[in-house]
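Just below is one structure, and these are the notes that go with it.
2 protein chains.
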Amino acid sequence: MQLRVPGPTPCPPQALEAQGKEMINHRGEEFRKLILDITWSLKQMFQTQDDVLILTASGTGGLEAAIVNTLSPGDKVLALSIGAFGDRFSDIAHNFGAEVEKLDFEWGRAAHPEVVEKRLKDDSRIKAVMVTHNETSTGVTNDLEAISRVAKEYDKLLLVDAVSSLSCIDLPVDLWGCDVVVTASQKGWMSPPGLAMVSISERGWKAVSEAQMPRYYWDLSRARSFLEKGQTPWTPAISTLYALYSTLKLMEGEGLANIIKRHVRVGDRARMRIEELGLSLFPKEAYSNTVTAVNIPSDVDSRKLLTTMRRKYNIVLAGGQQRLSGKIFRIGHMGWVGEEDIDQIIVALKKALPESKR
Amino acid sequence: MQLRVPGPTPCPPQALEAQGKEMINHRGEEFRKLILDITWSLKQMFQTQDDVLILTASGTGGLEAAIVNTLSPGDKVLALSIGAFGDRFSDIAHNFGAEVEKLDFEWGRAAHPEVVEKRLKDDSRIKAVMVTHNETSTGVTNDLEAISRVAKEYDKLLLVDAVSSLSCIDLPVDLWGCDVVVTASQKGWMSPPGLAMVSISERGWKAVSEAQMPRYYWDLSRARSFLEKGQTPWTPAISTLYALYSTLKLMEGEGLANIIKRHVRVGDRARMRIEELGLSLFPKEAYSNTVTAVNIPSDVDSRKLLTTMRRKYNIVLAGGQQRLSGKIFRIGHMGWVGEEDIDQIIVALKKALPESKR
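This is the structure we're talking about:
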């Protein structure tokens, strides 16, 4: 079975095997070495000299941590949304009492930095900008570099959902001045789900020291002080850390620059070959190199297509979410993936499409 | 290496092997079957007909979920504490704005139901009682049956930290009327850390419908509605679920009643053999059957003892936490453990103690 949803992604055998190791004491020396090694490697991949902390949670937990550690109820935030995950990030901030101004862009398009700039110029009350780097629901990658530049120009805190981009799409955290950046183990990191990884800048820590939203499990200050001892505040997902350690070694072997280039090649190939099939891409611009969203032809039944792909051709693709349900399908291509995987999917799609007519 | 800290506990080979299975789509049919099967099995072990929900988190995340789903800021709660984990449960409620009345009992003793009753009788403002079933830091098990009876008599919500008891020590959730009960995969469940499991009663759901504490990741209502589709709201720790599925099968094979009896035998043996060595137990009453806390003789160096046990005899024990640091050591004996494991530890302790003089 080839799993090509936009997460969880397939784990290489090394990661699956690494999980077979017996548990260790999370307050002991062996664990200390493990978490410090992983943290060091993560910092290279985040391209940051600042802190990276590991939480036992899904990516959504990491997003909640980014918010509750840096904001207070009543703080005004500008939440850019270009799809379901932008909506989610915004919803979390709203749930915890932030005054959220949501800046929605058409699904299938990227956020426009000039619109962001106008809002920041017009409203000095805005404390933070929240943005999804790569929107999995629509297959669009925001121009985070440009958005970061604007946020920094207006001296705003910048919270980034990089769950489905980091380690696949270039994101130099320090260079772009991203204050809090969140990713998760089951995406480009080729590990099982269960860990969220969060970087935080000096400015981010300053916000933490003032932030009044209630927090305990997600407390990043506590995570930092435990990390100094080579520990986590709460019992961590040890076997997932074993897997992540092994995939980080693979990633270091390939090199971040090469990984990013491979994702460009894979993304290009997916788009080219999808269009060769006579299908059209859902995004109108800013195509993602980790997930390709494809319009379902009007004579094809979406459910039948996904079922045929899975049952007959052993390839698991994703459907559309929310308002895109039944209208698009999505190919995840992040992490452990090459151009040959795309070719296999195309061969299968070519057969499955005519077999999935309404 | 024999890992005998009070969690993480050793995983049987079946659990480690189960984790080697490749990832699956968490929105697909195979996952649906997995989570529904696991949930069904968990309900047997919780002895409940009500809901059991699985969160991707450590046990502490489950405790936070219990609080933020059922309480509002300003709600008065009576938090019983007999050690570090009782303190933690209380701290979380405080952080989220509950008015916490903390009822501290001497470390090494259990909570006294008659003291609880007096407080409930005297203060009708108390909405909920929070209690740790088994206090890992001191090796004491509270008389949850008696505490439940009092809480129910006064019609209070009862939130239970059963992280280190459930599946080892009898806890008939429905019979005792426990409204929210939290446990975690790396304890008696013999799986790696990364999953918290939370049961919730009808009365618990009523509290959820009124509770105003902010929540998103921990939202149990959302977890319930996704579970109806055989899903979780956020990407779950799939490999840890594979492990848990396999250990639940082992547990069903042995039978809950037998598992509980085995823990009684193991606990009895640990206490008897520790006292035979001339050591004294830290608790003064209500000895736990999942963790034994032992006073360190005045002529023994605690750090030297733990290091000798680990390096020379390949057995990892735990030290004391917080105020008990350096004063006690703890033997975890929950989950995958038998009397022969205790005997091995005793043989090693007999040698290590004279080798660890101050």
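Heads up: the sequence lines are chains A and B, in that order. Letter by letter, the first sequence follows residues 1 to 358 in the working numbering. Letter by letter, the second sequence follows residues 1001 to 1358 in the working numbering. Even glycine gets a Cβ: it sits at the ideal position worked out from N, Cα and C. Since the structure is predicted, the reported quantities are computational estimates derived from the model, not experimental observations.
Around the CB of B:Val1180, 16 or more other CB atoms lie within 10 Å, so the residue is classed as buried. Membership of B:Arg1265 in the alpha helix (DSSP H) is indicated by the continuous run Leu1256 to Glu1276. Inter-residue distance for B:Glu1117 and B:Arg1323 is about 28 Å (C-alpha atoms, whole angstroms). For the region 21 to 35 of chain A, residues whose beta-carbon sits nearer than 8 Å to a beta-carbon of chain B comprise Lys21, Glu22, Met23, Ile24, Asn25, His26, Arg27 and Gly28. When beta bridges are read from the DSSP output, B:Lys1357 appears opposite B:Val1300.
8 Å or more divides the Cβ of B:Ala1207 from the Cβ of B:Thr1056. Counting only Cβ-Cβ distances below 7 Å, B:Cys1011 has contacts in chain A at Glu22 and Met23, in chain order. As for any beta strand (DSSP E) of minimum length 3 sitting wholly inside the region 1114 to 1155 of chain B, the runs are 1126 to 1132, ordered along the chain. At least 8 Å separates the CB of A:Pro283 from every CB of chain B. A distance of 8 Å or more separates the beta carbons of A:Leu159 and A:Met197. For the C-beta of A:Ile92, the chain B residues within less than 7 Å are, from N- to C-terminus, Tyr1216.
Taking a contact as a CB-CB distance under 8 Å, the pair A:Gly86 and A:Thr39 does not count as one, their CB atoms being some 28 Å apart. Beta-bridge partners of A:Phe329 (DSSP): A:Val294 and A:Gly319.
Using a CB distance cut-off of 8 Å, A:Pro6 does not count as an interface residue toward chain B. Ranked by how close their Cα comes to the Cα of B:Ala1066, the residues B:Ser1041, B:Ala1162 and B:Gly1253 have B:Ala1162 in first place. At a cut-off of 8 Å, the C-beta of B:Ser1137 has no neighbouring C-beta in chain A. With a threshold of 8 Å between beta carbons, A:Asn134 makes no contact with chain B.
Collapsing the DSSP output to three states places B:Lys1187 in coil.
At a cut-off of 8 Å between beta-carbon atoms, A:Gly335 makes no contact with chain B. For A:Ser167, no Cβ of chain B is located within less than 8 Å of the residue's own Cβ.
DSSP links B:Thr1308 through a beta bridge to no other residue. Taking C-beta atoms under 8 Å as the contact rule, A:Glu135 and A:Ile82 qualify, at a distance of about 5 Å.
One thing to note: A:Ile328 has its Cβ within 8 Å of the Cβ of A:Asn295. Checking the DSSP bridge columns, you'll see A:Glu106 has no partner listed. Here B:Thr1290 is not near B:Gly1194, since their CB atoms are 8 Å or more apart. Taking the Cα positions, A:Tyr216 is about 6 Å away from B:Ile1092. Closer than 7 Å at the C-beta level to chain B, one finds these residues of the region 223 to 242 of chain A: Trp234, Thr235, Pro236, Ala237, Ile238, Ser239 and Thr240. Here A:Pro73 is exposed, its C-beta having fewer than 16 other C-beta atoms within 10 Å. Contact check for B:Asp1075 and B:Ala1128: beta-carbon distance about 7 Å, within the 8 Å limit, so the pair qualifies. Nearest neighbour of B:Ser1298 by Cα position, chosen from B:Gln1231, B:Arg1358 and B:Ile1126, turns out to be B:Arg1358. About 6 Å separates the Cβ atoms of B:Leu1034 and B:Tyr1245, confirming a contact at the 8 Å cut-off. Beyond the five residues adjoining it in sequence on each side, B:Met1023 comes within less than 7 Å, by CB distance, of Ile1238 in the same chain, given in chain order.
For B:Leu1281, no beta strand (DSSP E) segment is defined, and its DSSP state is neither H nor E. When Cβ-Cβ separations below 8 Å define contact, B:Leu1250 makes no contact with chain A.
Cβ atoms of B:Val1068 and B:Trp1218 come within 8 Å of each other, at about 6 Å. Per the C-alpha coordinates, the member of B:Gly1230, B:Glu1106, B:Gly1097 and B:Glu1252 positioned closest to B:Leu1080 is B:Glu1106.
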